[in-house]
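Report on the following structure.
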Amino acid sequence: MSDELSENIMTYLQRLLPLLSSLLLLFLSYVPMDFLLFGDIRPAMAIVCVYFWMIHRPDIFNLLSVYFLGLVDDIISNVPFGTNIFTLLVLYLLISNLSRFLSGKPFIITWYGFAIIALVVLFTKWLVLSIYYAQFLPLSIVGFSFMVTAAAYPFISLVLAFVQNNLIADEEL
Amino acid sequence: MKRRKSLFMHLSNIRLLAKKFALALLFLSAFVLMLVNKTDTAIIEKTSSVATDALSPMIDILVIPARAVADVYDYLKELKQIHQENQELRQENRKLLQAKDRAQALEIENRILSRLLNYVTPPEAKFITARVIAEEGDAFSHSLIAYTGDAKGVRKGQVVLSNRGVVGRIEQVGKLYSKIILITDINSKIPVMVERTRVRGILTGDNTPTPKMVFIPLEAELTVGDRIVTSGVAGVFPAGLPIGKISSIEKNNVKIKTFTNLERLEYVKIVDYGL
Numbered sequence: 003m004s005d006e007l008s009e010n011i012m013t014y015l016q017r018l019l020p021l022l023s024s025l026l027l028l029f030l031s032y033v034p035m036d037f038l039l040f041g042d043i044r045p046a047m048a049i050v051c052v053y054f055w056m057i058h059r060p061d062i063f064n065l066l067s068v069y070f071l072g073l074v075d076d077i078i079s080n081v082p083f084g085t086n087i088f089t090l091l092v093l094y095l096l097i098s099n100l101s102r103f104l105s106g107k108p109f110i111i112t113w114y115g116f117a118i119i120a121l122v123v124l125f126t127k128w129l130v131l132s133i134y135y136a137q138f139l140p141l142s143i144v145g146f147s148f149m150v151t152a153a154a155y156p157f158i159s160l161v162l163a164f165v166q167n168n169l170i171a172d173e174e175l
Numbered sequence: 195m196k197r198r199k200s201l202f203m204h205l206s207n208i209r210l211l212a213k214k215f216a217l218a219l220l221f222l223s224a225f226v227l228m229l230v231n232k233t234d235t236a237i238i239e240k241t242s243s244v245a246t247d248a249l250s251p252m253i254d255i256l257v258i259p260a261r262a263v264a265d266v267y268d269y270l271k272e273l274k275q276i277h278q279e280n281q282e283l284r285q286e287n288r289k290l291l292q293a294k295d296r297a298q299a300l301e302i303e304n305r306i307l308s309r310l311l312n313y314v315t316p317p318e319a320k321f322i323t324a325r326v327i328a329e330e331g332d333a334f335s336h337s338l339i340a341y342t343g344d345a346k347g348v349r350k351g352q353v354v355l356s357n358r359g360v361v362g363r364i365e366q367v368g369k370l371y372s373k374i375i376l377i378t379d380i381n382s383k384i385p386v387m388v389e390r391t392r393v394r395g396i397l398t399g400d401n402t403p404t405p406k407m408v409f410i411p412l413e414a415e416l417t418v419g420d421r422i423v424t425s426g427v428a429g430v431f432p433a434g435l436p437i438g439k440i441s442s443i444e445k446n447n448v449k450i451k452t453f454t455n456l457e458r459l460e461y462v463k464i465v466d467y468g469l
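These protein sequence lines map, in sequence, to chains A and B. If you count by this note's numbering, then the first sequence holds residues 3 to 175, one letter each, in order. If you count by this note's numbering, then the second sequence holds residues 195 to 469, one letter each, in order.
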């Protein structure tokens with residue numbers, strides 16, 4: 003009985019790992035780091051995490067996980083409340099419709115797909131906030147932010163792949 | 195068999211419909227949250243403060259190892275410069291000692307003249323030094339979270355300084371953590387003036403590292419390198435706090451380079467001027 007219970011708890015924790023690892027990386031992206039190469043521009047961590055988990059483990063990273071991650075990002079960030087949720091929901095919608103072209107493909111294709119989707123999502127965020135503030139935000143910095151995010155994807159996905167391969171059991175579990 | 199198959203298809207259709215409905219509902223909730231935020235109600239602010247208080251300790255834990263890595267990096271980087279910096283500091287110290295003597299003399303003179311004019315001195319500023327635990331500075335927002343809050347007497351609107359000048363103001367106060375909006379953020383608007391000519395304007399952030407000065411009189415004389423300080427208009431910031439220097443002047447676009455490197459703040463000073 004106790005074995006069964008501990009097994010159930012382990013399974014439950016494993017199913018939570020994509021969200022927990024995403025939250026950890028999201029928190030890390032807000033930590034002040036003086037040694038960053040690109041000054042204060044950091045990769046859009048939530049976008050990377052949602053993309054990775056929705057491509058590789060859509061069975062345990064669902065709509066509510068995406069919403070929760072957006073909510074946490076909204077709490078830490080100073081953008082108007084709801085903006086990050088909205089952006090990540092757009093990302094969810096895009097990946098839900100495009101995942102069949104991206105999942106199971108070689109890494110370079112996944113990365114290429116990420117770059118295109120991240121560009122659309124960051125542009126959506128830029129548009130939403132420009133409408134909200136009734137003035138255009140600097141597009142050059144959005145472009146720079148996109149480049150940093152796209153360049154960081156292989157490194158962040160390496161961390162997430164480690165979590166997936168070593169800490170989460172297969173789908174059949 | 196056929197019946198079972200149709201039942202299964204029916205169920206999967208319902209599931210798909212529920213998923214679409216949930217997505218639409220969540221989109222709507224995000225939209226509503228943004229609308230409520232736009233109307234600037236206290237609900238969002240209060241909820242956000244409580245939530246920031248709950249989440250910030252988790253970031254705070256991560257600061258310690260990150261800071262250790264940063265310290266090692268800084269140590270190696272700065273090792274080369276230490277000797278030269280030391281000589282410069284000795285020279286600067288000599289100048290500062292002279293300036294201190296002059297300042298003391300001026301303070302005494304000021305006290306005597308104030309007494310003669312029956313001048314009421316403003317209350318002395320109180321300040322709190324706080325550690326920065328989170329920073330954000332992309333195209334969408336420029337802010338910090340500092341480890342100090344309501345319990346230490348921090349209030350919304352208080353001025354945040356570094357040792358070089360104005361950094362921003364307090365935007366949200368939780369029990370233990372506070373959110374600071376930087377002067378480079380799009381929501382930041384501060385009344386400022388050119389120190390040399392006393393020309394007034396508004397310093398407005400645009401989410402770039404160099405905020406701009408707007409609402410400057412047409413006939414104003416400005417030159418690159420002019421110091422910009424707070425003007426004290428509107429009573430939120432006291433007059434004379436250093437902000438930065440004019441870095442470029444183009445048609446309708448006066449850019450300011452801040453004295454403080456806003457990307458490298460470990461500690462900030464939150465000042466209550468009693469305004």
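Virtual Cβ for every residue (Gly too), placed ideally from N, Cα, C.
CB contact flag (residue i, residue j, <8 Å)
i: proline 140 of chain A; j: asparagine 287 of chain B; result: no
i: phenylalanine 225 of chain B; j: phenylalanine 88 of chain A; result: yes
i: threonine 398 of chain B; j: valine 408 of chain B; result: yes
i: threonine 342 of chain B; j: alanine 319 of chain B; result: no
i: proline 2 of chain A; j: methionine 228 of chain B; result: This structure cannot settle anything about residue 2 of chain A, because the visible part of chain A is limited to 3 through 175.
i: phenylalanine 148 of chain A; j: alanine 120 of chain A; result: yes
i: leucine 91 of chain A; j: phenylalanine 453 of chain B; result: no
i: threonine 85 of chain A; j: leucine 30 of chain A; result: no
i: glutamine 366 of chain B; j: threonine 246 of chain B; result: yes
i: isoleucine 374 of chain B; j: isoleucine 384 of chain B; result: no
i: tyrosine 155 of chain A; j: phenylalanine 116 of chain A; result: yes
i: glycine 345 of chain B; j: tyrosine 371 of chain B; result: The sequence given here has alanine at residue 345 of chain B, not glycine. Contact: no.
i: isoleucine 410 of chain B; j: valine 33 of chain A; result: no
i: valine 388 of chain B; j: aspartate 420 of chain B; result: yes
i: valine 465 of chain B; j: valine 326 of chain B; result: no
i: methionine 56 of chain A; j: isoleucine 97 of chain A; result: yes
i: glycine 362 of chain B; j: valine 354 of chain B; result: yes
i: isoleucine 78 of chain A; j: threonine 151 of chain A; result: no
Residue-chain proximity (residue i, chain A), Cβ-Cβ < 8 Å
i: threonine 235 of chain B; result: no
i: isoleucine 375 of chain B; result: yes
i: aspartate 344 of chain B; result: no
i: glutamate 365 of chain B; result: yes
i: serine 425 of chain B; result: no
i: lysine 369 of chain B; result: no
i: threonine 402 of chain B; result: yes
i: lysine 232 of chain B; result: yes
i: alanine 262 of chain B; result: no
Local conformation of residue i per DSSP, three classes
i: glycine 145 of chain A; result: helix
i: asparagine 447 of chain B; result: strand
i: serine 372 of chain B; result: strand
i: lysine 199 of chain B; result: helix
i: leucine 435 of chain B; result: coil
i: glutamine 275 of chain B; result: coil
i: valine 81 of chain A; result: coil
i: serine 23 of chain A; result: helix
i: aspartate 265 of chain B; result: helix
i: glutamine 166 of chain A; result: helix
i: lysine 453 of chain B; result: The amino acid at residue 453 of chain B is misidentified as lysine; the sequence shows phenylalanine. The answer is coil: DSSP assigns phenylalanine 453 of chain B none of H, G, I, E or B.
i: leucine 412 of chain B; result: coil
i: alanine 46 of chain A; result: coil
i: lysine 383 of chain B; result: strand
Cutoff 8 Å: residue i Cβ touching any chain B Cβ
i: methionine 35 of chain A; result: yes
i: phenylalanine 164 of chain A; result: no
i: valine 122 of chain A; result: no
i: proline 20 of chain A; result: no
i: leucine 100 of chain A; result: no
i: asparagine 43 of chain A; result: Per the sequence shown, residue 43 of chain A should be read as isoleucine rather than asparagine. By this cut-off, isoleucine 43 of chain A is an interface position.
i: threonine 85 of chain A; result: yes
i: leucine 175 of chain A; result: With a pLDDT of 41 at leucine 175 of chain A, under the threshold of 50, the modelled position of that residue is not reliable, and no figure is offered here.
i: valine 161 of chain A; result: no
i: phenylalanine 157 of chain A; result: no
i: leucine 15 of chain A; result: no
i: phenylalanine 29 of chain A; result: yes
i: leucine 139 of chain A; result: yes
Residue i Cβ short of 7 Å to the ligand FAD heavy atom set
i: isoleucine 276 of chain B; result: Only the bare structure without any ligand can be found here, which leaves the ligand FAD out of the picture.
Taking a cut of 7 Å between CB atoms, which residues from the region 241–260 of chain B lie near chain A? Ser242, Ala245, Thr246, Leu249, Met252, Ile253, Leu256, Val257 and Ala260
Across the region 290–303 of chain B and the region 435–446 of chain B, are there enough close Cβ pairs to call them in contact, namely three or more that are closer than 8 Å? no
At a Cβ cut of 8 Å, what residues of the region 51–71 of chain A count as close to chain B, listed as they run along the chain? Leu65 and Tyr69
Given a limit of 9 Å on CB to CB distance, which residues of the region 211–228 of chain B reach chain A? Lys213, Ala216, Leu217, Leu220, Phe221, Ser223, Ala224, Phe225, Val226, Leu227 and Met228
Does the region 302–312 of chain B come close enough to the region 447–458 of chain B that 3 or more CB-CB pairs lie under 8 Å? no
Closer than 9 Å, Cβ to any Cβ of chain B: which residues of the region 108–135 of chain A, in chain order? Leu124, Lys127, Trp128, Val130, Leu131, Tyr134 and Tyr135
Are the region 229–245 of chain B and the region 46–64 of chain A touching by the rule of at least three beta carbon pairs closer than 8 Å? no
Contacting positions in the region 323–337 of chain B - beta carbon closer than 8 Å to chain A: Val326, Ile327, Ala328, Glu329, Glu330, Gly331, Asp332, Ala333, Phe334, Ser335, His336 and Ser337
Should the region 240–255 of chain B be regarded as contacting the region 101–118 of chain A, the criterion being three or more beta carbon pairs within less than 8 Å? no
Got a sec: which bits of the region 200–211 of chain B sit with their beta carbon under 7 Å from any beta carbon on chain A, in order along the chain? none
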